[in-house]
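Below is one structure, written out as structure tokens; comments come after it.
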Amino acid sequence: MALIDDLASSCNTIEELSTYISNNSTEIYDFFISQKFKSITAYRDEIESFILLKYQIYSQLDFDKGKNKAFILGLLDVSERFGFQLAFQRLFDLSQLNNIPIGSRLTASSKFLVGIHNVLDYSNRLHEVVDLLATSYLHEEDSEEKVIATLIHYYTEVLLNFGIQNPTAVAEFRERLKEEISRDDRKYLLNSTLIEVLNEAIADIEAAYEKIHLKLDLLLERSREFLPFEIGAHLIEIETEYVEMLDSVASRFLDIRELCKTLYSKVSSDEIFWSLQRGVKVLTDEKQLLAYINSYGNMHHAKVMSALASLPSEVFTSHLEIYDWGCGQGLATMCFLEYSQIQDSHVNIKSATLIEPSEIAIKRAALHVKKFKKDLMLITKNKDLDSISPDDFNSSEKTIKIHLFSNILDIDFFSMSDLVSNLKDSFNGLNYFVCVSPYVTEQKTQRLNDFVENFENSEILSEITERKGEWKGTNWSRVIRVFKAEI
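Per the working numbering, residue 1451 is the first one in the sequence shown, and the count goes up by one each step.
Below is the structure:
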């Protein structure tokens, strides 16, 4: 049975639905948010029917519960994706009535999905929509992809609703949109996928619509077509200027950050900084590597070190395996090794496994980790999370496993269900999970909470949620979940 059918059959009473959401929130999120268009479009009618016909049930949920808020936000996202105008309006009104935080991106969606009567309504709201999406890009969303996707959905609504009866007006709207995002103060919205969509021929509306959604799947990584992966268990950066310069720096995180800061100062630009997309973009060149540590290194170090402080002391006198998921340049593992040094512990690290889709980043991660512990057995997996399988690991049940998830679990573009399944199939025995992220939205934080709840035999060691301004002594936010689980 498809999840949407299972969901509908579990929506006869408020209590029944609430229980279903509580027990299946990860699967619900993956179904509505992570599926590619070809898969989810088969359930388009069922999804719309559920939203419209089950309103009287789900509108009475207890919205003090994070999972119920995330459920409504997921329905809003899928309504935007399919252009369900009436469904979106009902969900949007419900969210406002119950103080569910919408954010600027979904508010922008309301401007082109609610109260539209003619093609001029779309054009007259263009500046307001782009302003809201700019706010979302700069201050709210943790990556550009969802913002750009909403902008593409805006254009798609105009194309679908007026492409046949008024193609001239659609062409004029498209040119106005190009002008709006080409302004000097909006150029960060000039995404290559958006440009391709706006240049797509529109003589055949249905064909154009299909092509646009294929491009959206690529943009949002729903198709799982990613960078070509470098096969090899021992990737490491060699014979570069950075390798030579790193040799002269002490084995301390903040000293390495100072090196990157110095090197970045020679090449810095707004274009490079915006390409990082607040630190969630897969990095592809040397300048981005330097920019990331320059811009986010101190914050990253502070968050991870504060999370590691909640691990019990016996961890640092045990035999360990370290797994750094979405490791980037290895910053979380660097922090763990540095923290172990500060504790003057006698930890015995059997191996460290780095998992990262960017080849250039994982090679630098290996270099950084070896800087802290030259004799460490280091394994590299140049893969994204959806490409990982139990065959990638050879873990010992007798060894404690430390899983580092730094700035990765709140990201939308992977299947949480598959990740949890792989973890349970691969790592029998005692596991510690160190999960840190910025505070972005309640929906993103709920994604971390859902991850924790997937491990039944778990014990929470640290649970911190602090928005910007709440973490004393900093201007940063943090969401920390540290727990242990027997698998």
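Ideal placement from N, C-alpha and C gives every residue a C-beta, glycine not left out.
With respect to the alpha helix (DSSP H) encompassing residue i, which residues constitute its N-terminal and C-terminal limits?
i	result
residue 1796	Run containing residue 1796: none; DSSP gives neither H nor E here.
residue 1474	1464–1479
residue 1557	1553–1563
residue 1500	1494–1503
residue 1527	1516–1532
residue 1459	1453–1459
residue 1809	1809–1822
residue 1692	1691–1697
residue 1842	Taken as a continuous stretch (DSSP letters only), residue 1842 belongs to no alpha helix (DSSP H), as it is neither H nor E.
residue 1571	1569–1574
Taking 8 Å as the threshold (C-beta atoms), are residue j and residue i in contact?
i	j	result
residue 1882	residue 1848	no
residue 1537	residue 1893	no
residue 1932	residue 1895	no
residue 1831	residue 1787	no
residue 1467	residue 1493	no
residue 1556	residue 1533	no
residue 1740	residue 1852	no
residue 1664	residue 1602	no
residue 1500	residue 1526	no
residue 1636	residue 1630	yes
residue 1552	residue 1496	no
residue 1865	residue 1480	yes
residue 1777	residue 1806	yes
residue 1573	residue 1600	no
residue 1884	residue 1757	yes
residue 1701	residue 1821	yes
Helix, strand or coil for residue i? Go by DSSP, reduced to three states.
i	result
residue 1585	helix
residue 1710	helix
residue 1673	Low confidence applies here, because residue 1673 scores a pLDDT of 44, under 50, leaving its location unreliable; read the following figure in that light. The answer is coil: DSSP assigns residue 1673 none of H, G, I, E or B.
residue 1864	coil
residue 1837	helix
residue 1999	Residue 1999 is absent from the structure shown; the chain starts at 1451 and stops at 1937.
residue 1891	coil
residue 1684	coil
residue 1885	strand
residue 1759	coil
residue 1667	helix
residue 1726	Residue confidence for residue 1726 is low, a pLDDT of 45 falling below 50, so the modelled location carries little weight; the figure read from the coordinates is stated next. The answer is coil: DSSP assigns residue 1726 none of H, G, I, E or B.
residue 1859	coil
residue 1486	coil
residue 1658	helix
residue 1716	coil
residue 1921	coil
residue 1782	helix
residue 1880	strand
residue 1640	coil
residue 1803	strand
For the beta strand (DSSP E) containing residue i, list its first residue and its last residue.
i	result
residue 1935	1928–1936
residue 1828	1828–1831
residue 1542	Where residue 1542 is concerned, there is no enclosing beta strand (DSSP E), although the alpha helix (DSSP H) it sits in stretches over 1535–1547.
residue 1425	No statement about residue 1425 is possible, as the shown extent of the chain runs from 1451 to 1937 and does not include it.
residue 1910	1908–1916
Between the alpha carbons of residue i and residue j, how many angstroms are there, rounded?
i	j	result
residue 1873	residue 1773	11 Å
residue 1651	residue 1640	19 Å
residue 1591	residue 1582	12 Å
residue 1611	residue 1814	49 Å
residue 1793	residue 1869	31 Å
residue 1698	residue 1906	47 Å
residue 1867	residue 1477	6 Å
residue 1489	residue 1528	13 Å
residue 1944	residue 1886	Here the chain has residues from 1451 to 1937 only, and residue 1944 is not among them.
residue 1737	residue 1879	41 Å
residue 1746	residue 1504	44 Å
residue 1731	residue 1523	Note on residue 1731: pLDDT 49, under 50, position unreliable in the model; the coordinate value appears next. Going by the C-alpha atoms only, they are around 23 Å apart.
residue 1487	residue 1761	42 Å
residue 1780	residue 1855	11 Å
residue 1766	residue 1842	26 Å
residue 1749	residue 1742	11 Å
residue 1729	residue 1513	For residue 1729, the pLDDT reaches just 40, beneath the cut-off of 50, and the residue's location in the model is therefore unreliable, although a value from the coordinates is still provided. Cα to Cα, residue 1729 sits roughly 31 Å from residue 1513.
residue 1649	residue 1920	45 Å
residue 1511	residue 1605	33 Å
residue 1580	residue 1828	46 Å
residue 1744	residue 1666	31 Å
residue 1548	residue 1506	14 Å
residue 1619	residue 1627	12 Å
residue 1838	residue 1684	16 Å
Taking 7 Å as the line, does the beta carbon of residue i fall inside it for any heavy atom of the ligand NAD?
i	result
residue 1616	This structure lacks the ligand NAD, and indeed carries no ligand of any kind.
So is residue i in contact with chain B if we call contact Cβ pairs under 8 Å?
i	result
residue 1761	Included in the structure is just one protein chain, with no chain B present.
Alpha helix (DSSP H) runs wholly inside the region 1577–1627, at least 4 long, in chain order: 1595–1612
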